[in-house]
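The numbers in UniProt numbering rise by one with no breaks, and the one at position 110 of the sequence shown is 110. The C-beta atom is built at its ideal place from N, Cα and C for all residues, glycine as well. Quick caveat: nothing in here was measured; it's all calculated off a predicted structure.
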Amino acid sequence: MLRKRPDVLDLLVPLRRYARSLTRDSAQADDLVHDTLVRALERQGTLRPGTNLRTWLMTVLHNAFIDDQRRRKVEARYADALGHIVEEATPPAQEGHVRLAQVREAFGRLPAEQREALHLVTIEGLAYQEAADVLGIPIGTLMSRLGRARAALRTIESGSASRPPAPEEEARAAPRLRVVDGGAGPARAS
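Next up, the structure:
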């Protein structure tokens, strides 16, 4: 059976999901996807034959998000004051909704780098190398970010914390590793 090459329209849902994960706002996510598609059209000549369209569009989206974040920081430096928007949430009555809200909150509290990596691999289903390419980082860095993100979420699941640990707490709690057999693999230090 022949698989057709994915069309941009087929990729709108994953693009929007990733944009929403990055921005945490539906309207901003829609704007980000729109900006991504405009950039992709402007740069379609740079798309090499055989390039994975999904990975390429996710990379364009990620770069558009980073550019927007940088622009916002510059604007904030010159602004007199920033308004903070506080979302009021009504806790859901059903246990499943409560649990989902806890997971979303925990996911939202993760550092941006960990949240981006976890989203691309677990929600979008990208391979580690594809996710690393989208983020423009080495695969080892991606795997480190994934490990830290998953560990933070596991602490919530086990009930040992109501929030993911802060990076400095995580660094203190992390076991030290030593190299055994000339670098054949990590082993726990005693």
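Check your understanding: Are the beta-carbon atoms of R145 and E113 separated by less than 8 Å?
Key -> yes
Check your understanding: In whole angstroms, what is the alpha-carbon distance linking R48 and T59?
Key -> 14 Å
**Study point:** Same chain, Cβ closer than 7 Å to D35, five either side skipped, listed in chain order
**Key:** A64
Practice item. Note the first and the last residue of the continuous alpha helix (DSSP H) segment covering T36. Key: 26-42
Exercise for review: Would you decide whether L12 is buried or exposed? Buried here means 16 or more other CB atoms lie within 10 Å of its CB.
Suggested key: exposed
Review point. Less than 8 Å separating the beta-carbons of L32 and L61?
Key: yes
Check your understanding: Less than 8 Å separating the beta-carbons of A76 and I156?
Key -> no
Practice item. Measure the C-alpha to C-alpha separation of P164 and R109 and round it to an integer number of angstroms. Key: Here the model assigns P164 a pLDDT of 48, short of 50, so the residue's position is not dependable and the matter cannot be decided.
Exercise for review: Could you pull the start and end residues of the alpha helix (DSSP H) that A151 belongs to?
Suggested key: 139-157
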